[in-house]
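Scroll down for the structure; my scribbles are underneath it.
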Amino acid sequence: MHFHDNQRKVDYVLAYHYRKRGAHLGQGSPGHSLAVVSNGETGKERRAGGPGDIELGPLDALEEERREQRDEFEHNLMAAGLELEKDLESKSQGSVFVRIHAPWQVLAREAEFLKIKVPTKKMYEIKAGGSIAKTFNAILQKLSSPLQPRVPEHNNNRMKNLSYPFSREKMYLYNIQEKDTFFDNATRSRIVHEILKRTACSRANNTMGINSLIANNIYEAAYPLHDGEYDSPGDDMNDRKLLYQEWARYGVFYKFQPIDLIRKYFGEKIGLYFAWLGLYTSFLIPSSVTGVIVFLYGCATIEEDIPSKEMCDQHNAFTMCPLCDKSCDYWNLSSACGTARASHLFDNPATVFFSIFMALWATMFLENWKRLQMRLGYFWDLTGIEEEEVTLKEHSRPEYETKVREKMLKESGKKKEDDEDKLSWRDRFPGYLMNFASILFMIALTFSIVFGVIVYRITTAAALSLNKATRSNVRVTVTATAVIINLVVILILDEIYGAVAKWLTKIEVPKTEQTFEERLILKAFLLKFVNAYSPIFYVAFFKGRFVGRPGSYVYVFDGYRMEECAPGGCLMELCIQLSIIMLGKQLIQNNIFEIGVPKLKKLFRKLKDETEPGESDPDHSKRPEQWDLDYSLEPYTGLTPEYMEMIIQFGFVTLFVASFPLAPVFALLNNVIEVRLDAKKFVTELRRPDAVRTKDIGIWFDILSGIGKFSVIINAFVIAVTSDFIPRLVYQYSYSHNGTLHGFVNHTLSFFNVSQLKEGTQPENSHFDQEVQFCRFKDYREPPWAPNPYEFSKQYWSVLSARLAFVIIFQNLVMFLSVLVDWMIPDIPTDISDQIKKEKSLLVDFFLKEEHEKVKLADEPTQRSQGGGDRSRRSRAASSAPSGRSQPGSIASSGSQHTNV
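For the sequence shown, my numbering gives the first residue as 1150, with consecutive numbering after it.
Below, the structure is given as structure tokens:
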């Protein structure tokens, strides 16, 4: 964790791989194995050009050029005030770690430049509100004490330091006891990273920043160090070890997350992600309980469901039309009894209530997140982040710089100001056009695959129907295999679309990392959303809608009929599709991929290091340094994958919840594991990320809000179109003789005269018990004996109008309730709003008091120097210096001046 003098702390590490000219260079002696670079003083280091070197080849020339660029960059870092240390390049090839230390002068300068808020000497108590609130909080804390992680931040959360942006002119405001520990490790590394991002290198085409040098392979990696090992056997404790013991183990899954410690160690951006994930997981508990109750209600009322009892009744001889041409026979509706009973578990009146509940749940979750975000912003001193602090951190991306440089070379005859060296829309037009065409192609590809699976289902069903042995299980076999194919395709395309979205964003050439990230998120979300939900949308809204009728079926290709829904409706199949895709994605993609792939990468990296040629390291037997251990970890690539999988899951939980009330339960079980899995990954498997200061979760909140509103529309259509809820209501209140559902099944089945079947489509060798004159099919059509046979009946138009009316009423009712909930819950908690006002008042009082003390301290030497003089001299001194203490009114005058200020 320190330089070899065991005093200066390593704040950042740059790693690069070198290859020396010459066949073999001697090992450096132990006494000269270090090259300490500290403000221009460099240790002796053997340079190329010795007697053992050979002529420059192409690779040697490239390596020499990189060496010169590194030397210049490191020299510029020293000019910025940083202190560097690195090992001698004593082997023919290997890795070198440049350790960087920021002394106090640099930290103070950059903290003032970046407007970093630091605690002042003043502490104040955070009041919990009224006596009832205090009592309630005390009881809640006592009850939840076994669930609290044992970390220092949770022990005393009643006191808070006043914070103020660091200023070297106001050092007296801050409680600086030890300069080495005043800024924590995350802040120190953040300051060094800011310097690294803005330091130029003229030899590398005036490249700006470490990111450009890494992109050009001049350096291999740049990262801050972890705070020691997480599994060290001793009793010495560091933040990383504490996080591992109290957060990143599966054994502590029942405990709350130490959010303050996560923020302190990883920064605000990652702290906000885990706070959001924790709130989302806790909000899944009430929705899971409600979903289980709705499911149990379906189980309890299954015996009382009249339509399913009518379908299962053997005496109701509903002879159904063949499901396929030639090979399929007539069949009794009672044979589909199991499907009808199972459909009632998810298609019952309680699902309508659950849909309304989940729409309000999504609104309450987002409102509570806004409140928690404000609360965390207050405790983490994010409420006053100025826009300047955000803009200071925005540096151009290497690809953008390269593109601008190429443009400048083409237009070298024209002199331009720096402000105008930007890419116009003409420069970006080819990238935008490629983006538009590629996204359209990817969406079309997804739809084509969905259509391919439909064709597979149709042809497989036709093929299985030819065989008597497989004919009885056709629907189960086709549904199960098709869903598994869909799942595999979704998992493969997810990985492809992630890479394609990144490539498309790169060719757009966004200027800053923030713009790049936002555009990448939008593209990846669009492609993955379409990929994950296309098969589900097909089953929910399109399957069975374009079948036609007996005697006039719709055919795909030649002789293959479009597939129909099961006798109990498509809702059961939608439930199966949704559950398998959701569980499969969570189990395979989110957990196996997240656990297995990093371990395989780590193993591959280890094998690569072991098989790499080179001399043996004399220090290899020693305990490895922290920078060596961290270098072997996976680099941090951002939070986009973590957010994306949770957002897609949020869609599964809200969009089609009317068809699968148990979705929140499976999401909750997954997230309990996901929190600890992500925690373990960040603590043990990834290099330490740079601490990024941010006020919110950014564009993800807008996506969540959009999904919440879209879910209202989707659930309205699922209930109205996919389920039998509306047809049952229409029948019960418009057509039933006694106001019950008796006769509902017969009401939904139309008649067809089998003599009107097309030639060649009649069942061959029918083994049906009786001679069939009329068969039944599920639709609202006129009977064969009506004046307009097989036209849509009045019942059809009644049901259709009721469905549309329900969609409008449901959507407007739920939207109104959501707006009402949004209005009733203020975005900023009242206590936090009061504390922010109180903090501003306390800060002013504290400033006045400290300024007063400063004036008094400044006046004491003046008083002592003038103590031996006569009264007239003191009077003259008082008149020339109003802040002197010779006159009784001078101090009051000074105080009043500061009060006015």
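The C-beta atom is built at its ideal place from N, Cα and C for all residues, glycine as well.
The structure displayed is predicted, hence computed values, not measured ones.
- Residue range 1623-1657 is occupied by the alpha helix (DSSP H) that includes I1645, with no beta strand (DSSP E) assigned at that position.
- If you draw a 10 Å sphere on the C-beta of D1496, you find 16 or more other C-beta atoms in it, and that means buried.
- Taking A1865 as reference, the option from L1410, R1490, M1507 with the minimal CA-CA separation is M1507.
- The three-state reading of DSSP puts T1269 in strand, counting E and B together.
- Looking at the DSSP output, Y1704 sits in a beta bridge with R1710.
- Counting along the chain, Y1165 sits inside the beta strand (DSSP E) bounded by residues 1161-1168.
- Residue state for E1274 is assigned as strand, using DSSP reduced to three classes.
- CA-to-CA, the gap between Q1944 and F1959 works out to about 22 Å.
- According to DSSP, A1371 shares a beta bridge with L1163.
- If you keep only unbroken alpha helix (DSSP H) runs of at least 4 residues inside the segment 1374-1433, you get 1388-1395, 1408-1415.
- For the 8 Å CB-CB criterion, L1482 and N1584 do not form a contact.
- In the DSSP secondary-structure assignment, K1927 is bridged to L1898.
- Annotation for W1776: V1159, V1162, A1164, F1246, R1248, L1374 place their beta carbon closer than 8 Å to its own, counting only its chain and skipping 5 residues before and after.
- Out of Q1735, C1470, V1746, the CA that lies nearest to the CA of I1822 is found in Q1735.
- For V1247, no alpha helix (DSSP H) run applies; the uninterrupted beta strand (DSSP E) run containing it begins and ends at 1242-1250, by DSSP.
- Minimum Cα-Cα distance from A1449 among the listed residues L1494, G1420, S1484 corresponds to L1494.
- With a threshold of 16 other beta carbon atoms within 10 Å, T1979 falls short and is exposed.
- Each of G1377, K1264, W1946, T1789 was checked against the Cα of A1648, and the nearest Cα belongs to T1789.
- Judged by their CB atoms, R1698 and Y1939 are nearer to each other than the 8 Å cut-off.
- Rounded to the nearest angstrom, the Cβ distance from F1799 to I1856 is 6 Å, consistent with a contact under 8 Å.
- When the five nearest sequence neighbours on each side are left out, the beta carbons in the same chain lying within less than 6 Å of the beta carbon of R1168 are those of E1212, Q1242, in order along the chain.
- The C-alpha of K1829 is placed about 20 Å away from the C-alpha of S1431.
- By the neighbour-count criterion, in which 16 or more other beta carbons inside 10 Å mark a residue as buried, I1607 falls on the buried side.
- Under the Cβ criterion (8 Å, minimum of three pairs), the segment 1435-1446 does not count as touching the segment 1324-1342.
- Sorting F1502, I1797, F1900 by C-alpha distance to the C-alpha of L1640 places I1797 at the top.
- In the structure shown, the three-state DSSP call for A1951 is helix.
- By a beta-carbon distance limit of 8 Å, G1440 contacts L1811. Their separation comes to about 5 Å.
- Per DSSP, the continuous beta strand (DSSP E) segment holding P1314 begins and ends at 1308-1314.
- Between the alpha carbons of E1783 and D1643 lies a gap of roughly 21 Å.
- D2008 and E2002 have their C-alpha atoms some 10 Å from each other.
- Around V1894, the same chain offers P1456, E1459, M1460, N1465, F1467, L1482 as residues with beta carbons nearer than 8 Å, after the five sequence neighbours per side are excluded.
- Between C1724 and F1809, the gap from beta carbon to beta carbon is short of 8 Å.
- With fewer than 16 other Cβ atoms from the protein chains shown falling within 10 Å of its own Cβ, H1153 counts as exposed.
- Contact between the segment 1909-1916 and the segment 1869-1889 is absent: fewer than 3 CB-CB pairs across the two stretches fall below 8 Å.
- Shown here for R1157: same chain residues with a beta carbon closer than 7 Å to its own, the five before and five after excluded, namely H1151, E1232, H1250 in chain order.
- Per DSSP, reduced to three states, the secondary structure at C1719 is coil, with no helix or strand assignment.
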